[in-house]
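Asker: Here this note's numbering = 1-based position in the sequence shown + 3.
Can you keep this structure in mind? I'll have questions shortly.
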Amino acid sequence: MKFFKTSFSLLALLLLASCVGNMNPTGGNSTPNYPYFITTKPLVVKKIAVPTGTKLVYEEQFFKEGKQDKMLNERDLTDIGLPSGQTIIWGGVPVTSISRFFNSEMRGFTVYADFTKLSEDKKNRFSRLWQSCDSGIGIAVKDIDDWSFNTKNISDVQSCSVLYQRYFKDNAEQQNFLDEMYTALLETGSK
């Protein structure tokens, strides 16, 4: 009987271990195949001019998944990914992608830079602060339909990597850095 209990426990443990990597925390067993569209000509999306070959990813939708033959509603856009090796200038900085905040109650997006494509003579206070985080910056906006570097629409810098987050309101160092970054962003936009 002891052998049976030990064998049964071992079998249950093996079955559980084999499932661990296959489980999705949202309840499904696979990652959603979000609908996306690859631009076939230069376009303006969320008030940003994007080149041919840009990948536009949309919210999960019924009966639409994977590659689409045409653009979907811009309101449902979650990500703009530029073709490999290409950038657009956002706030004087070459960027590779922009992603809407995952939390839909937050009005904003994260911008990802490629600082290897920013020459020293083009750097300014804003780009240097951004580069010091070595990651994306979270931008809060008034109008979620405008992802451009429009300082009249940008209401704050919410984050710069995981190092600086508005969420940690009691951390003066983080708040001061983000305040300085927001001021530098506004100065860059006024030039």
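Note that CB positions come from ideal geometry on N, CA and C, so glycine has one too.
Keep in mind that this is a model prediction, so the values were computed, not measured.
1. With a 10 Å radius around its C-beta and 16 neighbouring C-beta atoms as the bar for buried, classify residue 166 as buried or exposed.
2. Report the rounded CA-to-CA distance for residue 61 versus residue 173, giving the unit in angstroms.
3. Pairs of beta-carbons, one from the segment 145-158 and one from the segment 117-135, closer than 8 Å: are there three or more?
4. Quick check: the Cα distance between residue 145 and residue 110, rounded to an integer number of angstroms?
5. DSSP three-state call for residue 37: helix, strand or coil?
6. To which residues of the same chain is residue 101 closer than 6 Å at the C-beta, ignoring the five residues directly before and after it?
7. Using a Cβ-Cβ cut-off of 8 Å (strictly less than) and excluding sequence neighbours within five positions of residue 131, which residues of its own chain qualify?
8. Are residue 88 and residue 152 touching if we call contact CB-CB under 8 Å?
Answerer: On the basis of the coordinates in this document:
1. Within the sequence shown, the letter at position 163 stands for residue 166. Residue 166 comes out exposed.
2. Here residue 61 refers to the residue found at position 58 of the sequence shown. Here residue 173 refers to the residue found at position 170 of the sequence shown. Spanning the two alpha carbons is a distance of roughly 35 Å.
3. The answer is no - the segment 117-135 does not touch the segment 145-158, with fewer than three Cβ pairs under 8 Å.
4. Here residue 145 refers to the residue found at position 142 when the sequence shown is read from its first residue. Here residue 110 refers to the residue found at position 107 when the sequence shown is read from its first residue. Cα-Cα distance, rounded: 7 Å.
5. Walking along the sequence shown from the start, residue 37 turns up at place 34. Coil.
6. Within the sequence shown, residue 101 is the residue found at index 98, counting from 1. Hits under 6 Å: 83, 112, 114, 150.
7. Locating residue 131 in the sequence shown gives position 128, where the first residue counts as 1. Excluding positions up to five away in sequence, the list is empty.
8. Residue mapping note: residue 88 aligns to position 85 of the sequence shown, counting from 1. Residue mapping note: residue 152 aligns to position 149 of the sequence shown, counting from 1. Residue 152 is positioned such that its CB atom lies no closer than 8 Å to that of residue 88.
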